[in-house]
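The structure appears right after this line, and notes come after that.
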Amino acid sequence: MNLTDTHCHLDYNKFDPDRAEVIRRATDSGLVRILVPGLHHRSSKEAVLLAETNSGVYAAVGFHPTDLQEFSEETFQEVKELARHPKVVAIGEIGMDYYWVKEPERRAFQREALRRQLQFAKEVGKPVIIHMREENDAWLGEASVDLLGILEEWQTALQGPLAEKPGVLHSFNGNLETAQKALELGFYIGVTGPVTYKNAEEKRGIIRQIPLDKILIETDAPFLAPVPFRGKRNEPAFVHHIADKIAEIHSKSPAEIAGITTANAARLFAWGD
Ligand SMILES: [Zn+2]
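Next comes the structure, spelled out in structure tokens:
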């Protein structure tokens, strides 16, 4: 097995007691790379430190839409400087969250912060990791519509390799139409633990229609543990449960899915084979 976890919050304090063992278990279970995204300037710095001290770990830097309290010229500048690090392979996670944020002004600020970070990603030529969550976790709503509008405006102005592979919609939870629009813009679709849940037939129906060369697998640990660990702390070693489920959905072997999704991640994040 040759697996990649393209989204894992290894800097979270839930991993403080045993982070080194978590990374060791990941390596032992066949993971070749783990990508740690930032949530704000401090966690972006932690992600870069983890990448510096662990050969298979890479980082992304940025401000998550529910973590904009400290977004300022100064903290954004810190993130911009971190982005120069050779192991920073993306800008993220950035995006829209209308589940936790309901006030119109705060939603408008999310869109502004997203636009500025997209502009920065364009300047440094790095792909973006997009978080998108609808009010009440609906399949379709204002977050999808607003997000796709902003991404389309950004993507159509891109040139060079970034236009072909602008980023990933991480832990995708939208409907098929939103997925298809994202694919048209060149985005990858990130699949997490909920695809393994018993009641996720509709989600599996959507994943079945995503071309295999556009799927990334991710744990989003410590959250969203797959079956049979649902409700427990998630960790990168569990990513094979997601690969197994995608193998079932797409009628392939788990090893094939591991190989394909690892190659997809290498293409998007340009970190070598
Ligand atoms: Zn995340």
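When the sequence shown is numbered by my numbering, its final residue is 1659 and no position is left out of the sequence of numbers.
Built from N, CA and C at the ideal position, the CB exists for glycine as well.
Everything numeric in this text was worked out from a predicted model, so none of it was measured.
- Pairing F1624 with V1581, the inter-Cα distance amounts to about 13 Å.
- Bounds of any alpha helix (DSSP H) do not take in L1598, whose DSSP letter is neither H nor E.
- Two segments are said to touch when three or more pairs of C-beta atoms, one from each, lie closer than 8 Å; by this definition the stretch 1570-1589 does not touch the stretch 1407-1416.
- Going by C-alpha positions, P1614 is about 33 Å away from K1551.
- Relative to ligand 1, P1423 has its C-beta within less than 7 Å of a heavy atom.
- Annotated as distal: Q1503 and M1482, with beta-carbon spacing of 8 Å or more.
- Taking a cut-off of 8 Å for Cβ pairs, the stretch 1435-1455 and the stretch 1629-1647 do not touch, as fewer than three such pairs fall below it.
- Taking non-hydrogen atoms of ligand 1 into account, the C-beta of H1395 is found less than 7 Å away from one of them.
- The alpha carbon of A1549 has as its nearest neighbour, out of E1538, N1559, F1558 and S1557, the alpha carbon of E1538.
- The beta carbon of L1468 is closer than 7 Å to those of S1430, K1431, V1434, V1447 and V1474 in its chain, skipping five residues each way along the sequence.
- Here A1651 really is in contact with R1419; their C-beta atoms are around 7 Å apart, less than 8 Å.
- Non-local C-beta neighbours of N1388 in its own chain, meaning closer than 7 Å and more than five positions away in sequence, comprise G1416, V1418, A1644, G1645 and T1648, ordered along the chain.
- In the three-state reduction of the DSSP assignment, L1421 falls in the strand class.
- Distances from the CB of D1453 to the heavy atoms of ligand 1 are all 7 Å or more.
- Looking at F1506, E1528 and A1499, the one whose alpha-carbon comes closest to that of R1470 is F1506.
- Within the model, the alpha-carbon separation for K1488 versus P1612 is close to 29 Å.
- Judged by DSSP secondary structure, T1390 falls within the beta strand (DSSP E) whose first and last residues are L1389 to D1391.
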